[in-house]
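> Would you mind keeping the following structure in view while I ask a few things?
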Amino acid sequence: MISDTILIQVCNVSVRFQQYTALDNISLEVQRGEIITLIGPNGAGKSTLVRVVLGLLKPQNGSVYRQAGIRIGYMPQGLSIDPVLPLTVERFLSLGSSNTKSALERVLEEVGAVGLLMRPLQNISGGEMQRVLLARALLREPDLLVLDEPIQGVDIIGQYELYELIAQIRSQRGCGILMVSHDLHIVMSATDQVVCLNQHLCCSGHPETVTKHPAYLELFGARAGRDLAIYTHHHEQGKPNRE
Amino acid sequence: MDDFLWRALLAGLGVALISGPLGCFIVWRRMAYFGDTLAHSALLGIALGFLLNLKGNLFSGLTLNTLLMLTTLGVCITISFVLVILQSQKRLATDTLLGILAHSSLSLGLVALAFLQGEGLRIDLYAYLFGDLLAVTQTDLDWIYGGGALVLLCLVWIWQSLLSIIVHEELAAVEGVPVAWVRLLFMLMVALVIAVAMKIVGILLITSMLIIPAATARSFARTPEQMAIFASLIGGMAVALGLYMSWEWDTPSGPSVVVAATGLFIITFIIPISALLKLFKV
Numbered sequence: 046m047i048s049d050t051i052l053i054q055v056c057n058v059s060v061r062f063q064q065y066t067a068l069d070n071i072s073l074e075v076q077r078g079e080i081i082t083l084i085g086p087n088g089a090g091k092s093t094l095v096r097v098v099l100g101l102l103k104p105q106n107g108s109v110y111r112q113a114g115i116r117i118g119y120m121p122q123g124l125s126i127d128p129v130l131p132l133t134v135e136r137f138l139s140l141g142s143s144n145t146k147s148a149l150e151r152v153l154e155e156v157g158a159v160g161l162l163m164r165p166l167q168n169i170s171g172g173e174m175q176r177v178l179l180a181r182a183l184l185r186e187p188d189l190l191v192l193d194e195p196i197q198g199v200d201i202i203g204q205y206e207l208y209e210l211i212a213q214i215r216s217q218r219g220c221g222i223l224m225v226s227h228d229l230h231i232v233m234s235a236t237d238q239v240v241c242l243n244q245h246l247c248c249s250g251h252p253e254t255v256t257k258h259p260a261y262l263e264l265f266g267a268r269a270g271r272d273l274a275i276y277t278h279h280h281e282q283g284k285p286n287r288e
Numbered sequence: 007m008d009d010f011l012w013r014a015l016l017a018g019l020g021v022a023l024i025s026g027p028l029g030c031f032i033v034w035r036r037m038a039y040f041g042d043t044l045a046h047s048a049l050l051g052i053a054l055g056f057l058l059n060l061k062g063n064l065f066s067g068l069t070l071n072t073l074l075m076l077t078t079l080g081v082c083i084t085i086s087f088v089l090v091i092l093q094s095q096k097r098l099a100t101d102t103l104l105g106i107l108a109h110s111s112l113s114l115g116l117v118a119l120a121f122l123q124g125e126g127l128r129i130d131l132y133a134y135l136f137g138d139l140l141a142v143t144q145t146d147l148d149w150i151y152g153g154g155a156l157v158l159l160c161l162v163w164i165w166q167s168l169l170s171i172i173v174h175e176e177l178a179a180v181e182g183v184p185v186a187w188v189r190l191l192f193m194l195m196v197a198l199v200i201a202v203a204m205k206i207v208g209i210l211l212i213t214s215m216l217i218i219p220a221a222t223a224r225s226f227a228r229t230p231e232q233m234a235i236f237a238s239l240i241g242g243m244a245v246a247l248g249l250y251m252s253w254e255w256d257t258p259s260g261p262s263v264v265v266a267a268t269g270l271f272i273i274t275f276i277i278p279i280s281a282l283l284k285l286f287k288v
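Protein chains in written order, with our numbering: chain D, 46 to 288; chain A, 7 to 288.
Right, here's the structure in full:
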């Protein structure tokens, strides 16, 4: 019997593309109200695992359980719209689900992107685009949010802000969040559990324990420790609302 | 005005009406070459139609025009499926596959027609390649408006899904859009429009009716829906202008329509129409 706080459970999943093994015997679980972060180097299979979770890819081995009637909000990795398609932020947001204009304005306020509604999608900044993508995922009232590299193309200050926003969404909406990150230094603070992936599952657990794990250190080297120190330093200078 | 001129105008306007919105999706999805390939393969459909007409009493209930339309549609749909199968093998890039299909089916069609001509068939190849608005019959009109209405209804039905797929296919799939079905339906719609519009601007020019009005409409439009409507209007203007040219100077009607469409496209580049629109706060 699977507990009803479990939103999604991936069991012993393997994915192969012809000769190449993208995922080897991976297990993962996301519970309601929990933030799980997938980290790993390029080509580690993070996006493949996300596609398995979303149901876009059927694994050759293993099983995927999704809670009955689960609503998944997905924020894809970077979006570029061809300039030949005239599309405002408003029209883009209404593509995923039908909503009133005031609902669209409310969700833009939630993600901190007020006043973008009538702007063409091609004319907004990278940071604004990420927030608009997040807004489209939130409009579906998701039980589970899947965010693929949410900080892509965002400057360092914006990255902190986005992670804070994600933590805030979790505490306000109580949804589970599965997030992919390329790197880990900033991610660590906002996450309950880190899963370190490199085709196989290297290690997982609380951020503090993962950063001390030999497999993690081998994968990311000494640089990782340094980056984390920078963050901790930054944090001591008075980032609010942490623990 | 003569009867045939009215029919020509009605047929042209009908084609412009459908190809406006459909052409927008072709431009947005970057499927111009796909449209071109289906159009080229239409000649094979024509050859097949003439062959069946020559041989079979099976199809004696159908007029020749209807038979040609059906065989063209059949060949276009077959080519679409062949393309999907070849694409799924991932051995050659899509534009290479399209090039192979387009030119091999066109050549096969020409060779087949040559054999049929050897058997005593008389056809005006020029009219099929470049269109002949002035030879439009009542059957053609029925097909254009019947097929057109069907395509427009389908397009309205899948509009939101199709747009969602263009923006981001995987996001659309996660949000519950049946991506494979919508794409298949869209391909069938393109095939149908090419089969019915072939008579108007011809096999070699038909893609231009899909693309040029849509591209022209882009500079005025602020939403996808506006772009689709403007593309229909611009297509309609091109048809009227082209037909006038053809009537006045005895130029070939298909190319005249395309020349008119190109003229409108160039004008929108020279005159800053979006600035004018702002001036009048439209």
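Here a beta-carbon is modelled for each residue, glycine too, at the ideal position from N, C-alpha and C.
1. Going by C-alpha distance, which of T93(D), K91(D), V225(D), Y110(D) is nearest D49(D)?
2. In chain order, what residues of the same chain lie with their CB nearer than 7 Å to the CB of G18(A), ignoring the 5 residues before and after it?
3. Tell me whether P261(A) sits in a helix, a strand or coil according to DSSP, three-state version.
4. Can you check whether the C-beta of P104(D) is within less than 8 Å of a C-beta belonging to chain A?
5. Using a Cβ-Cβ cut-off of less than 9 Å, give me the residues of the stretch 104 to 132 of chain D that come near chain A, in sequence order.
6. Is M233(A) close to chain D? Criterion is C-beta to C-beta, closer than 8 Å.
7. Does H278(D) come within less than 8 Å of chain A when only Cβ atoms are used?
8. Short of 8 Å in beta carbon distance, which residues of its chain neighbour L103(A), apart from the five on each side in sequence? Order them along the chain.
9. Taking the alpha carbon of T66(D) as the reference point, which residue from V98(D), C56(D), Q105(D), Q238(D) has its own alpha carbon closest?
10. Pull up the distance between the alpha-carbon of E32(A) and that of L114(A), whole angstroms please.
11. Is it a yes or a no for the stretch 219 to 235 of chain A touching the stretch 29 to 46 of chain A, going by three-plus beta-carbon pairs under 8 Å?
12. Just to confirm my understanding: we take T277(D), look at its own chain, exclude 5 residues before and 5 after, and list those with CB closer than 8 Å. What are they?
13. Closer than 8 Å, Cβ to Cβ, to anything on chain A: give me those residues from the stretch 133 to 144 of chain D, in chain order.
14. Would you report the Cα separation of I129(A) and Q123(A), rounded to the nearest angstrom?
15. Please report how far the alpha carbon of I217(A) lies from the alpha carbon of A38(A), in whole angstroms.
16. In this structure, how does DSSP classify E2(A) when only helix, strand and coil are distinguished?
17. Within 8 Å (strictly less), CB to CB, does V173(A) reach chain D?
18. Applying a beta-carbon distance threshold of less than 8 Å, which residues of chain D neighbour E176(A)?
19. Looking only at DSSP bridge pairs, what is Q197(D) linked to?
20. Suppose only complete runs of 4+ residues qualify. What are the alpha helix (DSSP H) ranges in the stretch 149 to 183 of chain D, listed by chain order?
21. Between which residues of its own chain and T274(A) is the CB-CB distance below 7 Å, once the five residues before and five after are set aside?
22. Is the Cβ of V55(D) closer than 8 Å to any Cβ of chain A?
23. For R224(A), which residues in chain D fall below 8 Å Cβ to Cβ?
24. Who are the neighbours of Q93(A) on chain D, taking C-beta pairs under 9 Å?
25. Under 8 Å between C-beta atoms, does A179(A) make it to chain D?
26. CB-CB under 6 Å to L194(A), same chain, minus the five flanking residues each way: which ones, in chain order?
27. Starting from N71(A), trace the alpha helix (DSSP H) in both directions and tell me its first and last residue.
28. Cutting at 7 Å between CB atoms, please list the residues of its own chain near T100(A), excluding the five before and the five after it.
29. To which residues of the same chain is D193(D) closer than 7 Å at the C-beta, ignoring the five residues directly before and after it?
30. Under the three-state reduction of DSSP, which class applies to T268(A): helix, strand or coil?
31. Below 8 Å on the Cβ atoms is my guess for G153(A) versus L198(A); work out the distance and round it to an integer in Å.
32. I believe K239(D) touches I84(D) by the beta-carbon criterion, under 8 Å. Please report the beta-carbon distance rounded to the nearest angstrom.
33. Excluding the 5 residues preceding and the 5 following Q282(D) in the sequence, name in chain order all residues of the same chain whose CB lies nearer than 6 Å to its CB.
34. Which term fits K284(D), buried or exposed, when burial requires 16 or more other beta carbons within 10 angstroms of its beta carbon?
35. When you compare each of L52(D), V60(D), I51(D) to H322(D) by their alpha carbons, which one comes out closest?
36. Could you check whether Y134(A) and I209(A) sit closer than 8 Å to each other, using their CB atoms as the reference points?
With the structure as the only source:
1. When only C-alpha atoms are compared, the closest one is Y110(D).
2. L139, I206, V245, L249, V263
3. helix
4. Taking a beta-carbon distance threshold of 8 Å, P104(D) does not count as an interface residue toward chain A.
5. I117, G118, Y119, M120, P121, L124, I126, D127, P128, V129, L130, P131, L132
6. yes
7. Reliability of the predicted coordinates at H278(D) is poor, the pLDDT of 41 falling under 50, and the value obtained from them is presented with this limitation in mind. By this cut-off, H278(D) is not an interface position.
8. L89, L92, Q93
9. Minimum Cα-Cα distance from T66(D) among the listed residues V98(D), C56(D), Q105(D), Q238(D) corresponds to Q105(D).
10. First, the amino acid is wrong: residue 32(A) is Ile here, not Glu. Distance between the alpha carbons of I32(A) and L114(A): 26 Å.
11. yes
12. Residue confidence for T277(D) is low, a pLDDT of 46 falling below 50, so the modelled location carries little weight; the figure read from the coordinates is stated next. Excluding residues within five positions, none has a Cβ falling inside 8 Å.
13. Here the close residues are T133, R136, F137, L140, G141, S142.
14. Take the alpha-carbon of I129(A) and the one of Q123(A): they are about 8 Å apart.
15. 7 Å
16. Chain A is shown from 7 up to 288; residue 2(A) falls before or after that span and cannot be answered.
17. yes
18. R96, L99, L101, Y119, P121
19. According to DSSP, Q197(D) bridges with nothing at all.
20. The alpha helix (DSSP H) runs lying completely inside the stretch 149 to 183 of chain D and spanning 4 residues or more are 171 to 183, given in chain order.
21. T222, S225
22. no
23. Simply V129, P131.
24. Ordered by position in chain D, no residue passes the 9 Å Cβ test against Q93(A), which lies about 17 Å from the chain.
25. yes
26. none
27. 70 to 95
28. Q93
29. S92, V95, M120, P121, Q122, V225
30. T268(A) falls in the helix class under three-state DSSP.
31. 5 Å
32. The residue asked about is misnamed: residue 239(D) is Val in this sequence, not Lys. The beta-carbon separation of V239(D) and I84(D), rounded to 6 Å, stays under the 8 Å limit for a contact.
33. Reliability of the predicted coordinates at Q282(D) is poor, the pLDDT of 40 falling under 50, and no value is obtained from them.
34. Summary for K284(D): the model assigns pLDDT 40, below 50, so the residue's position carries little reliability, and this model does not support an answer.
35. In the structure as shown, chain D starts at 46 and stops at 288, and residue 322(D) therefore has no counterpart that could be examined.
36. yes
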